[in-house]
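Participant: For the sequence shown, this note's numbering begins at 13 and goes up steadily by one.
Where is the CB? At the ideal position from N, CA and C, for every residue including glycine.
Treat the numbers as computed from the prediction; the structure is a model and nothing was measured.
Take this structure, written in structure tokens, and hold onto it; I'll ask about it next.
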Amino acid sequence: MFSAEFEAEVKNGCIELPESLRERFQDRVRVRVTRDEKCEHPSLLDRWLVAPILIPGFTPMTREETHGR
């Protein structure tokens, strides 16, 4: 098995192989895609964790209340 690692930009859902690797990868391949942890567009949940929406009079449930049966 031959493997290679390189960085690429995703354009319209496609990743272009570097010219130097195209002959080695012509048929079927196994792909693993990763990205840096730093995201330019944090999710809504991430934004709420950093800056929660404060609602007057709201009291969050205690641990005992959320796990009570």
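1. Compute the beta-carbon to beta-carbon distance between Ala20 and Glu28, rounded to the nearest angstrom, for a pair I have assumed lies under 8 Å.
2. Using a Cβ-Cβ cutoff of less than 7 Å, which residues in the same chain neighbour Pro30 once the five nearest sequence positions on both sides are dropped?
3. So if DSSP puts Lys23 in a beta bridge, which residue, or which two residues, is it bridged to?
4. Can Phe14 and Arg36 be called in contact, C-beta distance under 8 Å?
Facilitator: The answer reads as follows:
1. Along the sequence shown, one-based indexing puts residue 20 at 8. Along the sequence shown, one-based indexing puts residue 28 at 16. Rounded, the Cβ-Cβ distance is 6 Å, consistent with contact.
2. In the sequence shown, counting from the first residue as 1, residue 30 sits at position 18. Correct list, in chain order: Phe18.
3. One-based indexing of the sequence shown puts residue 23 at position 11. In the DSSP assignment, Lys23 forms a beta bridge with Cys26.
4. Walking along the sequence shown from the start, residue 14 turns up at place 2. Walking along the sequence shown from the start, residue 36 turns up at place 24. Closer than 8 Å, so yes.
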